[in-house]
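Report on one structure; see the data block that follows.
Numbering (the working numbering), first residue to last: 263 to 545.
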């Protein structure tokens with residue numbers, strides 16, 4: 263999601279915080295077609311990357327994919343290090359508060375307004391997604407972020423599957439799920455694949471699957487609607503341009519999930535004289 267990098271850079275710029283993104287692929291993977299051919303547009307320069315050794319702190323968005331990076335930076339560069347996942351309202355709040363405490367810069371009015379719009383949208387759509395049982399899968403850090411968001415929306419995770427997760431991930435996910443009644447029916451699976459997920463969905467069906475394009479076969483076989491969030495997404499266009507992080511990303515996640523719920527509601531209430539009593543114009 264190249265939109266994530268743009269959202270992060272924009273939030274930091276609004277806070278007037280000097281920053282370097284390692285590595286910034288937003289313009290490389292989403293370069294404009296302006297008739298002038300350029301190789302590898304944008305990105306972080308080698309000079310800026312080398313100067314990052316002089317930064318006050320290094321913050322990572324991945325706890326389980328960069329397990330040795332932050333300890334090395336802390337030891338070799340003497341920097342403060344931390345990991346944040348700015349998914350949803352709470353995750354973004356924690357990230358921005360950490361930046362503010364680290365730099366002494368205030369969180370600007372523009373970001374407060376963005377937060378308010380995201381909360382308003384979540385309130386509008388909450389009735390349609392609250393209590394929906396979901397199956398999630400993907401990379402560990404991404405799944406942890408999604409777990410936080412669906413719990414914020416009152417959804418109930420049932421199957422949480424991470425093929426490349428480890429015992430530490432499993433423990434963190436289970437502690438999060440145990441902290442709310444919404445997670446009481448959830449099971450966290452590591453080292454399993456989508457064939458295992460297929461069996462779980464037939465044994466204990468859910469209302470939604472959240473994952474990448476590979477789950478389209480699970481949707482076909484089980485009839486459970488798929489919300490395409492994650493990587494890779496091969497069978498839909500342009501989703502990689504959007505953000506999943508920050509308050510802007512919160513709106514995108516909400517949009518994709520609630521509108522898939524509404525689409526499924528239409529598709530299952532459109533038989534004339536049988537189910538169309540609930541085929542409503544306003545949802």
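Using N, Cα and C, we set each Cβ at its ideal position, and we do this for glycine too.
For residue 391, no beta strand (DSSP E) segment is defined; the enclosing uninterrupted segment is the alpha helix (DSSP H) at 371-391.
Secondary structure remark: continuous alpha helix (DSSP H) runs of at least 4 residues inside the stretch 440-499, in chain order: 456-465 and 478-484. The Cβ atoms of residue 397 and residue 473 sit closer than 9 Å to each other. For residue 399, there is no enclosing alpha helix (DSSP H); the enclosing beta strand (DSSP E) covers residues 395-399. Within its own chain, the residues whose Cβ lies closer than 6 Å to the Cβ of residue 427, once the five positions on either side in sequence are excluded, are 402 and 452, listed in chain order.
Residue environment: residue 439 is assigned as buried (16 or more neighbouring CB atoms within 10 Å of its CB, all protein chains considered). The three-state secondary structure of residue 317, taken from DSSP, is coil. Out of 423, 445 and 383, the CA that lies nearest to the CA of residue 413 is found in 445. Annotated three-state conformation of residue 502 is helix, per DSSP. Counting along the chain, the unbroken alpha helix (DSSP H) around residue 510 starts and ends at 508-529. Closest in alpha carbon position to residue 527, among 504, 469, 325 and 386, is 469. Residue pairing of residue 534 in beta bridges, as defined by DSSP: absent, with no partner found. Residue pairing of residue 419 in beta bridges, as defined by DSSP: 396. DSSP, read as helix, strand or coil, puts residue 303 in coil. Taking the Cα positions, residue 318 is about 13 Å away from residue 332. Under DSSP, residue 344 forms a beta bridge with 321. For the pair residue 323 and residue 507, the CB atoms are nearer than the 9 Å cut-off.
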